[in-house]
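What follows is one structure encoded as structure tokens, with my remarks underneath.
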Amino acid sequence: MLPLIQQCYDAATSAKSLAKAVQSSDVAPLNVGEWNDMDSLAAARPQMIGLLDTMRDMLEDLGGDLGVTDPVSGTVVAEIGT
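What follows is the structure, encoded as structure tokens:
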């Protein structure tokens with residue numbers, strides 16, 4: 002494969018396996034993102050908010066002033082299959 006196509010394929014395959022490895026409740030979707038550093042995470046926030054805005058009307062208000070999301074974050078504690 003061409004290098005760029007291979008890189009895209011590898012990224013998609015990794016994301017697919019990560020998505021399969023994450024189990025959430027039956028009703029709550031869980032999105033997982035990984036960045037190299039906190040600056041990259043902060044820079045990605047506008048795009049993440051934009052993505053959420055495209056589906057906000059489909060999500061249920063969680064109450065307790067949470068709105069439609071309950072964001073959490075943390076550092077990677079284990080990597081499987083790398």
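Following the numbering used here, the numbering of the sequence shown begins with 2 at its first residue and continues without gaps.
The beta carbon of each residue, even a glycine, is placed where N, CA and C say it ideally should be.
{"query": "Rounded to whole angstroms, what is the Cα-Cα separation between residue 62 and residue 55?", "result": "15 Å"}
{"query": "Give the straight-line distance between the Cα atoms of residue 48 and residue 75, rounded to the nearest whole angstrom.", "result": "19 Å"}
{"query": "Following the continuous alpha helix (DSSP H) through residue 55, name the residue where it begins and the one where it ends.", "result": "39-56"}
{"query": "How many Å lie between residue 59 and residue 35 at the Cα?", "result": "24 Å"}
{"query": "Can you give the Cα-Cα distance for residue 39 and residue 51, rounded to whole angstroms?", "result": "19 Å"}
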